[in-house]
Structures are given as C-alpha cells and as structure tokens.
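Below: one structure, written as structure tokens.
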Amino acid sequence: MTLNTFTLKNNTLHAENVALNNIASEFGTPCYVYSKSALTQAFARFSAGFKDANHLVCFAVKSNPSLAILNLFAKLGAGFDIVSGGELARVLAAGGDPKKIVFSGVGKTEVEMQAALNAGIFCFNVESVSELLRLNDVANFMGKVAPVSLRVNPNVDAKTHPYISTGLKNNKFGVAYEDALDIYLQAAAMPNIAVHGVDCHIGSQITELSPFLDAFDRVLALVDALEQHGIHIQHIDAGGGIGICYNDETPPAFDDYATAMLAKLGERNIKLVFEPGRALVGNAGVLLTKVEYLKQTESKNFAIVDAAMNDLMRPALYDAYHAIQAVQPRDADTVNYEIVGPVCESGDFLGHDRMLALQEGDLLAIMSAGAYGMSMASNYNTRPRAAEVMVDGDQTHLIREREKIADLFALEKILPEA
Ligand code: LLP
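The C-terminal residue of the sequence shown carries number 422 in this note's numbering, and the numbering is unbroken.
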C-alpha cells in the first residue's frame with residue numbers, strides 16, 4: 005500500500021486535503037491522524053482479490069480499536085477478529101455484526117466465553133484442549149452449542165521479529181500440528197461444540213509470501229485428513245500477518261496473496277476467513293508531534309518531541325523503524341538527529357539517525373503509525389493519551405478526545421487516615 009494519502013502540497017504535509025499543521029493547531033499534539041480514504045482503499049484492495057470466492061475479512065481489532073475505524077470497516081462489510089471481552093464490547097458498540105466475529109486468544113475466560121456465546125459470534129478460535137473442555141462446559145451451562153475452529157500451529161518460520169512470530173513450535177499459540185487430528189476427533193464428540201473450521205495465524209509484519217503458502221499447505225492437508233475422518237470443515241481462517249512498507253520492505257501485494265491462496269484452495273467448497281490488522285490500517289495513520297527542544301551533546305543531536313514511547317511503543321519495544329517527515333520541510337542543511345520523547349528512559353526514542361532540518365516548534369509526522377500505535381499506548385509517566393482525528397477529504401473529525409490529566413487518577417483512592 006502506498007503512502008499517497010499523506011502527501012506534500014505547497015511544501016506542507018497533508019492528510020488527504022487537510023494540512024497537518026492545521027490539525028495540530030486545532031487539536032494539539034501529540035495527535036494520531038488517520039485517512040478515511042486510505043482505510044477504505046486498503047479494505048477494498050484486500051477484499052478485491054477474493055471477490056469471486058466465499059470469504060470474510062475480519063479486521064484484527066487489536067491493531068486499531070478506535071470505534072470510528074471499527075464502524076467504518078463494519079459499514080464496508082468487514083467482520084472482526086477479537087481477543088478479549090473488551091474488544092467484543094467495542095465491536096458491538098461500533099455497530100459490528102456479531103455473526104462476523106471470530107474470537108482468538110490463548111486465555112479466554114468463562115465470562116468472555118459467555119459474552120461471546122450470548123452475542124452469537126461466528127467462531128471461537130480455540131487454542132488448547134483445556135480451552136475446548138471449558139468452552140464445552142460453558143456452552144452446556146447456557147444451553148448453547150459453540151462454533152469452533154482449532155488454531156493449529158503449522159510450525160513454519162514467518163521470518164519476522166521474534167516477538168511477533170507465532171507459528172513456531174515453541175510459541176504459546178495454537179495446538180501442535182501433529183496433535184490436531186486427534187483433538188478434532190475429541191471436539192467432534194463434545195455435545196456442546198460444533199466443529200466449523202481450521203484456524204492458523206503465523207505472525208505479523210510478514211514480508212514474504214512463502215510462509216503463508218507453506219502454512220496454508222499444511223492446513224489444507226489437515227482439512228483433507230479431517231474429511232477422510234468424516235469431519236467436514238466449512239471454513240479456513242488463514243489469520244493475518246501481511247506486512248506493510250515502513251521503510252524499504254516489499255511485502256506481498258494483496259492480489260498476489262489472493263491469487264496464490266485461491267490456487268491452493270482449488271475446488272474445495274470452503275469459505276476463507278482472514279484476520280488482517282496492520283495491512284488495513286498501518287499506512288493509513290500518522291502520529292503528529294511537535295519539536296519541543298533541540299539539544300546538542302558532544303556526540304549526538306537530539307530533537308526532543310512531545311510524543312513518546314507511551315504514545316508509540318513500537319520503536320522502544322521492537323526497535324521498529326518508522327519514517328519521520330517534517331510537516332513543513334525547511335530549505336536548510338540537514339543534521340543527523342535522534343528523535344526522542346520526554347519519558348525518563350533511554351529506550352524512549354522514535355527514530356535514530358534522521359537527517360532533518362529542524363527548529364524548535366516544528367511539527368513532525370511519524371509515518372505508518374496506524375497499526376499498533378494508539379492501541380498499545382499507555383499512561384506511563386502520567387501522560388494523557390493522544391487525541392485521534394480522522395480526515396475525510398477536506399473534513400476533519402475528532403474521533404477521540406485527548407485524555408485529561410484528571411481522568412488518569414479518577415479511579416484511584418488515597419488510604420483513609422489511620
Ligand atoms: N490474528 C491474530 C490471532 C493475531 O494474533 C494478530 C496479531 C492478527 C490476526 C493481526 O496481525 P496483523 O495482520 O496485524 O499482522 N504489536 C506488534 C504486532 C503484534 C501482532 C499480534 N497479533 C507490532 O506492533 O508490530
């Protein structure tokens with residue numbers, strides 16, 4: 005996906021038709037800015053490859069759970085991949101269709117299972133035998149039958165950052181491929197479980213096609229083996245994981261992914277479910293921040309900005325690269341800057357070695373911040389979380405107010421006098 009919704013016009017970076025400096029003046033910084041058109045286009049492009057196939061695109065809510073974004077995707081026909089009762093509530097509040105929800109995650113609680121059974125979700129992606137037994141009990145108690153896929157761990161290397169690789173044997177996710185057939189036979193015999201699908205998710209920010217295809221081969225072999233045992237699989241959930249371009253990566257094009265997956269599926273009459281997160285939102289958002297101070301030390305030039313690791317954790321946590329652009333680039337000699345936040349940790353950086361011409365008060369855009377940006381933000385250092393704005397053509401909508409400092413300790417209490 006290209007970054008063409010964030011472009012320089014009249015030497016000013018715009019989101020669609022709105023200049024980012026105007027957004028900063030109106031809503032302050034730090035501020036997440038999303039492009040409605042980029043979100044819409046990404047969903048349309050992902051879906052286009054599967055238009056002739058029975059399919060469902062379930063947006064991975066964890067990548068960006070903003071109600072406005074969920075509502076936009078719901079209107080475009082998306083389903084949702086959730087991993088908690090909180091995400092279920094969000095999707096319902098945003099107008100998502102419960103019949104298009106898949107529920108992933110290794111630690112579903114009884115309360116979460118009940119809420120999802122009450123909502124009537126499309127499928128539980130079950131990750132262990134213990135979870136299967138518990139779900140059968142909970143469904144039995146409620147007089148319901150739970151639709152289930154087993155998440156199988158195909159043991160393929162997604163060739164991505166170890167923290168976000170999930171399909172290897174030693175990960176906590178899914179059931180071992182070798183055990184899957186046996187567990188399916190157990191599941192099929194449980195009165196309050198209905199076996200509907202097979203699920204697999206091997207990792208995130210995957211930039212090659214081959215791990216997806218290797219995993220899909222293994223899943224299809226399992227589906228065929230299950231058919232031999234009289235268990236008909238109605239859908240395969242291929243998970244998410246398609247990477248985006250942050251710097252110079254060349255992730256698989258959506259069309260190539262779709263063509264290759266459909267070729268492997270062949271004539272089988274099976275619905276395909278996908279759980280993309282980053283690929284739909286990552287390049288549809290930027291984090292807007294202001295340079296507070298420029299500081300020179302003997303060896304480095306620091307640009308201290310008003311966004312920090314609590315706003316965008318990816319650089320600190322994964323050493324992730326995000327491009328950083330000046331909102332109004334200066335016609336002056338560039339200097340090598342460390343772009344850092346005000347949080348009291350040396351790990352609080354947003355970018356190393358960035359050649360920029362800066363003055364205090366300048367605005368910067370941290371690019372490709374639409375996925376796992378706001379969703380992983382925290383209040384570390386008692387910093388209110390940023391505002392979020394959605395741009396639609398020349399319109400600007402505040403979709404989340406900046407947190408107020410008083411909100412941050414509203415739930416706390418001081419001990420009574422002894
Ligand atoms: N399905 C499941 C079961 C997942 O665990 C995930 C992501 C997705 C779908 C969506 O994956 P995506 O299409 O976005 O790659 N915080 C990390 C990424 C963690 C991904 C966790 N699972 C980051 O900032 O890079």
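Glycine included, each C-beta is placed from N, C-alpha and C at the ideal position.
Burial state of residue i, where buried means 16 or more other Cβ atoms lie within 10 Å
{"i": "N68", "result": "buried"}
{"i": "L12", "result": "exposed"}
{"i": "I418", "result": "exposed"}
{"i": "H236", "result": "exposed"}
{"i": "M265", "result": "buried"}
{"i": "M5", "result": "With a pLDDT of 42 at M5, under the threshold of 50, the modelled position of this residue cannot be trusted, and the question is left open."}
{"i": "Q232", "result": "exposed"}
{"i": "L24", "result": "buried"}
{"i": "L415", "result": "exposed"}
{"i": "S29", "result": "exposed"}
{"i": "I409", "result": "exposed"}
{"i": "M194", "result": "buried"}
{"i": "D2", "result": "Nothing can be reported for residue 2, as the shown portion of the chain is limited to 5 through 422."}
{"i": "K66", "result": "buried"}
{"i": "K40", "result": "buried"}
{"i": "H401", "result": "exposed"}
{"i": "D203", "result": "buried"}
{"i": "P34", "result": "buried"}
{"i": "K112", "result": "buried"}
{"i": "F413", "result": "exposed"}
Residue interval of the beta strand (DSSP E) (run including residue i)
{"i": "Y325", "result": "Where Y325 is concerned, there is no enclosing beta strand (DSSP E), given that its DSSP letter is neither H nor E."}
{"i": "P151", "result": "150–157"}
{"i": "F278", "result": "275–278"}
{"i": "G355", "result": "353–360"}
{"i": "I343", "result": "339–344"}
{"i": "F177", "result": "Element bounds for F177: n/a, residue is neither H nor E."}
The ligand LLP heavy atom lying under 7 Å from the CB of residue i
{"i": "M265", "result": "no"}
{"i": "Y261", "result": "no"}
{"i": "R49", "result": "no"}
{"i": "Y322", "result": "yes"}
{"i": "E279", "result": "yes"}
{"i": "I105", "result": "no"}
{"i": "S88", "result": "no"}
{"i": "Y181", "result": "no"}
{"i": "G245", "result": "yes"}
{"i": "K66", "result": "yes"}
{"i": "D315", "result": "no"}
{"i": "N108", "result": "Before going on, a small fix: residue 108 reads as Ser here, not Asn. S108 Cβ: within cutoff of the ligand LLP."}
{"i": "R138", "result": "no"}
{"i": "D352", "result": "no"}
{"i": "H239", "result": "no"}
{"i": "A373", "result": "no"}
{"i": "M378", "result": "no"}
{"i": "S208", "result": "yes"}
{"i": "R424", "result": "Outside the displayed span of the chain (5 to 422) sits residue 424, for which this structure offers no information."}
Beta-bridge partners of residue i, as assigned by DSSP
{"i": "G289", "result": "Y38"}
{"i": "Q190", "result": "In the DSSP output, where bridge partners are listed per residue, Q190 has none listed."}
{"i": "N129", "result": "S153"}
{"i": "A369", "result": "L292, Q329"}
{"i": "D203", "result": "R155, D241"}
{"i": "E392", "result": "Y36, R404"}
{"i": "I13", "result": "Before going on, a small fix: residue 13 reads as Lys here, not Ile. Bridge partners of K13: T16."}
{"i": "L298", "result": "A307"}
{"i": "I246", "result": "I210"}
{"i": "V61", "result": "F278"}
{"i": "I83", "result": "Looking at the sequence shown, residue 83 is not Ile but Gly. Paired residue(s): C62."}
{"i": "A198", "result": "P151"}
{"i": "Q399", "result": "D396"}
8 Å contact criterion, which residue i and residue j should meet: CB distance rounded
{"i": "D352", "j": "A320", "result": "6 Å"}
{"i": "M394", "j": "A72", "result": "6 Å"}
{"i": "L92", "j": "A119", "result": "6 Å"}
{"i": "N58", "j": "K275", "result": "4 Å"}
{"i": "S88", "j": "E114", "result": "Not quite, the Cβ-Cβ distance comes to about 13 Å (not below 8 Å), so this is no contact."}
{"i": "K268", "j": "L316", "result": "Not confirmed; about 37 Å, so no contact."}
{"i": "I308", "j": "Y297", "result": "4 Å"}
{"i": "G50", "j": "A283", "result": "Here the sequence assigns Phe to residue 50, which means Gly is not the residue at that position. Confirmed, Cβ separation roughly 7 Å."}
{"i": "V331", "j": "T16", "result": "6 Å"}
{"i": "L139", "j": "L185", "result": "Not a contact, Cβ separation roughly 19 Å."}
{"i": "V344", "j": "L354", "result": "7 Å"}
Where the alpha helix (DSSP H) containing residue i begins and where it ends
{"i": "K55", "result": "That residue, K55, is in no alpha helix (DSSP H); it is neither H nor E in DSSP."}
{"i": "T263", "result": "258–269"}
{"i": "E302", "result": "Taken as a continuous stretch (DSSP letters only), E302 belongs to no alpha helix (DSSP H), as it is neither H nor E."}
{"i": "M117", "result": "114–123"}
{"i": "K417", "result": "No alpha helix (DSSP H) contains K417, which DSSP labels as neither H nor E."}
{"i": "F31", "result": "24–31"}
{"i": "V110", "result": "Unbroken run through V110: none, as it is neither H nor E."}
{"i": "I73", "result": "71–79"}
{"i": "G89", "result": "89–97"}
Neighbour flag for residue i against chain C, beta carbons, 8 Å
{"i": "Q209", "result": "In the structure shown, chain C does not exist; there is a single protein chain."}
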